[in-house]
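One structure is given below, encoded as structure tokens.
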Amino acid sequence: MKRFSLLFIYCFCFCHAGSLLAQTNILSTTPLAEQILLSNYNPTDYAPASATPLLPTELAAQLQAHISPDSLKAYIIRLSEFGTRNSGSDTVSANEGIGAARRWTHQKFSEFSAANDGRLIPSYLQFDLSICGAGQHKNIFAVLPGSNPTSGVVLVEGHIDTRCDTLCDVTCRAEGVEDNATGTALVLELARVMSRYQFTNTIIFLVTIAEEQGLLGADAFADYVQQKYIPLRAVLNNDVIGGILCGKTSSPPSCPGLNDVDSTSVRLFSFGGNNSKYKQLARFNKLQYQENVLPFAQVPMTVRIMSAEDRSGRGGDHIPFREHNYASMRFTSANEHGDASNGPNYTDRQHTSDDVLGVDTNGDGEVDSFFVDFNYLARNTLINANALAIAARSVALPPNFTAFRVGSDLTVYFDSPIDTHTIRIAVRNLATLDWDTVYTISPGFSTVMTCSPTLSTYISVAGVDEWGAESLFSEEKLVKSHASGTGEPGSAEPEPNFRLFQNRPNPFDEATWISFWVNEVPPDTHSAFMQISDLQGRVVQNMPVTLQQGMNEVLYTHGFGVRGTFTYALWVGGKAVDARQMIFAN
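Structure (structure tokens):
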């Protein structure tokens, strides 16, 4: 995973390296793969002999049975044998460097295709850009055609490139086992297992390069998708996804300390908070695990939705897709061995030549104690496979809706009838990252839905197919309050034009989201800003904001080493329109 200085992270988030160093001549080396992504194919040519839809729990059980820790181990061992996979390393050698690693990955996709009636179509995405002395580069991807060519595409990715402490050292030993042979192996195993099926959506299995140099391979693929008008619906990124040991350092929010072990939880990072399609995708992934996999899981996993888009000062290949406005999120292990700071006292493995398979404890010349837990990696592979499979069912969303409450009683009105459809309604109050309750509404449903009578509450909805699989959830909408029990739209209490909500998380230790609601945008908003001040009234920072109707969000990052209570206030038209307090806890 890419590391950025705290000074540079803001530049990266808003003026991505791909816009400063533009990739050119982007093309798919296999025309058929591109034609499938452009919906120009006959789906029956790629249909398996048996294509009966399964209940989500049945499909999850099948996926678990097929996913193999031994296969994942074999992929990682082979990836470690290329010496280095730096994006600027050797492309000619048959045994070492990024070229050999790319060809091996492409060959694995071809083998999986041959084992499944040619259903998986491998390709490279080639592009030109000077990176570490090399001018041309290739992502490796494979396409699994969907049963409905026009229903959209979902994507799972992991980067294959590695580095040592020096970014463009193309000769150092850089096996990159945790970062990120684990993510590459996960994508390969998904391609092997899922290519025996056909889903409604087309699935892309993407292995990117040049992540370490600025997410450049992912940025090239996001450019390609956008330029070709490919209807990409969801992106699942996997980076540092198989290790279970904490290093002496790790990027916040970090693990407890050196050699702490965690093989039963995984972190889901995504952008935004309220009404964020990125957070909605993370919540969807967690829900699918809880409902489809957890009931039969021999080793239960804790799926943790994180507030930030990535670890502090870090980035990953989900970010370019978010910058291109595609729903995207990242899976990362609970524990990382290092923060990639690479200073003189840095002793952890990440971004060094020590990111290897493990150690030989008995002196027989063979690694017998591995740094990657292959069973843990298999569990994370299943979490991805399950969510990807349900997202690829391409279930339709319900009609547009409005939500009202009277006290704690919740009512949702749809623009058109839903009497014959099953839907799901997710309820979340502003103080939480995850949904508080997910209701299943079927014809004849009579249970009363409830929500907090006082907290700001969000509603989102999903459609459900006849087999019980749901769609990706809709955008979130704020629940409106009624003055009485009339229960009809239009009788809501009048609300102030500006409403500032409690920051999340609070207390917090480095960064927090501040949200505010705008009913109507006033004519003159050029001077609107969020002011942070201490309790003595001293201004810490003024952050300009652009007002938009509805929910607005500001990410406030103050860094470490500050404690206490501070005030944040929204200023519009030369006056503070609302204010609240927040607590710095680090």
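Under our numbering, the first residue of the sequence shown carries the number 654, and numbering increases by one thereafter.
Note that beta-carbon positions come from the ideal geometry of N, C-alpha and C, so glycine has one too.
- Remark: C-beta atoms of THR683 and PRO775 approach each other more closely than 8 Å.
- Excluding its 5 nearest sequence neighbours in each direction, PRO1106 has C-beta neighbours in its own chain below 8 Å: ARG1058, GLY1060 and SER1061, listed in chain order.
- For ILE1036, the secondary structure class from DSSP, reduced to helix, strand or coil, is helix.
- Per DSSP, LEU841 is one residue of the alpha helix (DSSP H) stretching across 835-847.
- Per the coordinates, the alpha-carbon of LEU1125 lies some 20 Å from the alpha-carbon of GLU976.
- Apart from sequence neighbours up to five positions away, the residues of its chain that approach LYS930 with a beta-carbon distance below 6 Å are ALA980, ordered along the chain.
- Scanning the segment 676-712 for uninterrupted alpha helix (DSSP H) segments of 4 residues or longer gives 684-690, listed from N- to C-terminal end.
- Taking a C-beta distance under 8 Å as the contact criterion, ASP963 and GLU810 do not qualify as a contact pair.
- For the beta strand (DSSP E) assignment, the uninterrupted runs of no fewer than 3 residues enclosed by the segment 977-1058 are, from N- to C-terminal side, 981-986.
- Ranked by Cα distance from GLY805, the first of ALA1084, VAL1101, LYS932 and THR855 is THR855.
- Linking ILE1043 to TRP757 through their CA atoms gives a straight-line distance of about 29 Å.
- Around the C-beta of ASN833, 16 or more other C-beta atoms lie within 10 Å, and the residue is accordingly described as buried.
- Rounded to whole angstroms, the gap between the alpha carbons of PRO884 and VAL878 is 8 Å.
- Between the C-alpha atoms of GLN717 and GLU865 there is a straight-line separation of about 31 Å.
- By the neighbour-count criterion, in which 16 or more other beta carbons inside 10 Å mark a residue as buried, ASP698 falls on the exposed side.
- By the neighbour-count criterion, in which 16 or more other beta carbons inside 10 Å mark a residue as buried, GLU1019 falls on the exposed side.
- Residue pairing by DSSP places THR824 in no beta bridge whatsoever.
- In this structure, the beta-carbon distance from GLY870 to HIS759 does not fall below 8 Å.
- Around the beta carbon of GLN1003, 16 or more other beta carbons lie within 10 angstroms, which makes this residue buried.
- Under the criterion of beta carbons closer than 8 Å, ILE729 and VAL1025 qualify as touching, at roughly 6 Å.
- Runs of the beta strand (DSSP E) lying entirely within the segment 739-808 and spanning at least 3 residues, in chain order: 774-784 and 787-797.
- DSSP, read as helix, strand or coil, puts GLU810 in strand.
- Taken through DSSP and simplified to helix, strand or coil, GLN1202 comes out as coil.
- Counting C-beta pairs closer than 8 Å gives fewer than three between the segment 1021-1037 and the segment 1074-1087, which falls short of the contact rule.
- ARG826 has its alpha-carbon roughly 23 Å from the corresponding atom of ASN988.
- Under the three-state reduction of DSSP output, PRO906 falls in the coil class, being neither helix nor strand.
- In this structure, VAL1065 sits away from THR1110, with a CB-CB distance that is not shorter than 8 Å.
- About 13 Å separates the Cβ atoms of TYR942 and VAL952, ruling out a contact at the 8 Å cut-off.
- The C-alpha of PRO948 is placed about 38 Å away from the C-alpha of THR1014.
- Between the alpha carbons of ARG1152 and PHE1169 lies a gap of roughly 5 Å.
- Buried is the label assigned to SER681, since at least 16 other Cβ atoms lie within 10 Å of its Cβ.
- For SER724, the enclosing alpha helix (DSSP H) begins and ends at 722-733.
- No Cβ-Cβ contact shorter than 8 Å links VAL1230 with GLY1203.
- When C-alpha distances from THR853 are compared across THR1000, ASP1087, LEU1041 and VAL1192, the shortest belongs to LEU1041.
- Distances from the alpha-carbon of VAL1012 to those of TRP1224, ALA1031 and VAL830 put VAL830 closest.
- As computed with DSSP, SER1113 is found in a beta bridge with ALA1079.
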